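Trainee: Okay, handing you the structure first.
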Amino acid sequence: MRRRRKGSMSELLPASRTEDVEPNHALPCWLVVDRYPETLERIYQLEPSPQLAYLFHETKYASLEEYSPLVVRIERGSALWHAYSQQQDTAVSQGVLIMSEETEQAVLKHLRQRLELHFYGYRKALFRFYDPCIAGVFFSADSTIDRWLGPLERVVWFGGTWVQIAEHGKRWYSCVGQPHQQRTEEQYKDEEPYKLSPSQEKAMENFVLVQAVWRKWTKQNRARESSEENITYFAQRVLAAMRLEPPPEHLQKVLEIFLTLTPGKWLAGVSELPAVNRLQEIERRAENTSQSKTRSFTV
């Protein structure tokens with residue numbers, strides 16, 4: 001199902017297979033992949049003569065080039081393509097696909113310009129758009145992103161946001177921009193840092209808060225982050241927390257409560273309270289529910 005964004009020509013396209021998020025005509029494609037200790041070696045095992053570049057090269061992050069994500073030209077049907085599309089090889093699966101009619105030089109220039117973004121006024125940050133988790137949050141936010149895409153026609157990743165995983169499980173997503181022939185000259189020449197929209201700022205802030213709880217929960221419970229069971233369990237709790245729309249400063253606490261006490265009928269009516277009062281009511285009900293369960297075990 002395609003989802004057209006408000007005020008934008010871009011679309012978000014989910015699918016169960018990589019084939020279903022590809023365009024009808026084959027576009028030149030690059031894999032932008034986060035760099036782990038084994039990533040470069042694995043790429044050379046899959047592609048004896050890879051056409052690759054370092055994303056941080058000729059940017060303000062050039063001094064960190066040994067940690068730089070890699071941009072690799074990838075051909076459909078190749079060993080690297082299959083390794084990425086199967087999502088079983090962690091050395092090369094933590095990345096996104098970039099598709100464009102433009103030259104590699106133009107694509108690299110644009111991606112390097114998009115390494116930095118502005119948020120909350122003039123605060124700046126390195127934007128790890130090549131991380132599938134971050135890509136899912138950024139491209140799924142309801143806002144205009146054609147300016148970020150520029151000459152890129154499609155960005156593809158696997159996974160989804162926590163809410164998307166809770167509702168549909170992990171799957172492929174594609175952010176589809178304007179066709180090559182419909183782009184304006186301004187989109188190609190835009191070199192200004194990208195500024196997050198309010199909806200993107202909110203989505204990214206929630207992501208950071210939730211990820212902190214995820215790391216804490218997996219560490220305390222010695223839970224494997226790669227476990228589909230753990231991911232599904234956590235995603236369902238995130239979905240329950242998000243549906244109550246707590247203020248950002250209350251989100252982590254609500255999520256932590258839901259990780260110890262399964263959301264259910266005991267939450268009836270909470271969503272009707274003012275947002276700032278929901279956490280206090282959740283804490284009160286959670287304590288009463290826990291005490292009730294304790295008494296039932298001791299009778």
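In full-length UniProt numbering, the protein residues as written are 1 to 299.
Note that CB positions come from ideal geometry on N, CA and C, so glycine has one too.
Note that the coordinates shown come from a computational prediction; the quantities given were computed from them, not determined experimentally.
Can you tell me where the beta strand (DSSP E) with residue 172 in it begins and where it stops?
Mentor: First-last of the beta strand (DSSP E) with residue 172: 171–176.
Trainee: Across the stretch 30–43 and the stretch 164–177, are there enough close Cβ pairs to call them in contact, namely three or more that are closer than 8 Å?
Mentor: No, they do not touch.
Trainee: Along the beta strand (DSSP E) that carries residue 14, what are the first and last residues, could you check?
Mentor: It spans 11–15 - the beta strand (DSSP E) in which residue 14 sits, taken as one unbroken run.
Trainee: At 4 residues or longer, what runs of the alpha helix (DSSP H) sit wholly inside the stretch 238–272?
Mentor: Those alpha helix (DSSP H) runs which fall completely within the stretch 238–272 and span 4+ residues are 248–260.
Trainee: First and last residue of the beta strand (DSSP E) that includes residue 95?
Mentor: Counting along the chain, the beta strand (DSSP E) containing residue 95 begins and ends at 95–99.
Trainee: With the cut-off set at 9 Å, would you say residue 48 and residue 99 are in Cβ contact?
Mentor: Not in contact: residue 48 and residue 99 (Cβ atoms no closer than 9 Å).
Trainee: Note down, one range per segment and in chain order, each beta strand (DSSP E) of at least 3 residues found wholly within the stretch 105–166.
Mentor: Complete beta strand (DSSP E) runs here, min 3: 116–119, 123–126 and 154–159.
Trainee: In angstroms, rounded to a whole number, what distance separates the CA positions of residue 191 and residue 135?
Mentor: Distance between the alpha carbons of residue 191 and residue 135 is about 20 Å.
Trainee: Three Cβ pairs or more, each shorter than 8 Å: is that satisfied between the stretch 213–224 and the stretch 143–151?
Mentor: No, they do not touch.
Trainee: Is residue 83 buried or exposed, if buried means 16 or more other CB atoms sit within 10 Å of its CB?
Mentor: Buried, since its Cβ has 16 or more Cβ neighbours within 10 Å.
Trainee: Does DSSP put residue 55 in a helix, a strand or coil?
Mentor: Looking at residue 55 - three-state DSSP - the assignment turns out to be coil, as it is neither helix nor strand.
Trainee: To the nearest angstrom, how far is it from the Cα of residue 101 to the Cα of residue 153?
Mentor: Rounded to whole angstroms, residue 101 to residue 153 spans 8 Å at the Cα level.
Trainee: Could you pull the start and end residues of the beta strand (DSSP E) that residue 348 belongs to?
Mentor: No answer is possible for residue 348: the residues shown for the chain start at 1 and end at 299.
Trainee: Exposed or buried, what is residue 297 when buried is set at 16 or more other beta-carbons lying within 10 Å of its beta-carbon?
Mentor: Because residue 297 sits at a pLDDT of 46, beneath the cut-off of 50, its placement in the model cannot be relied upon, and the point is left open.
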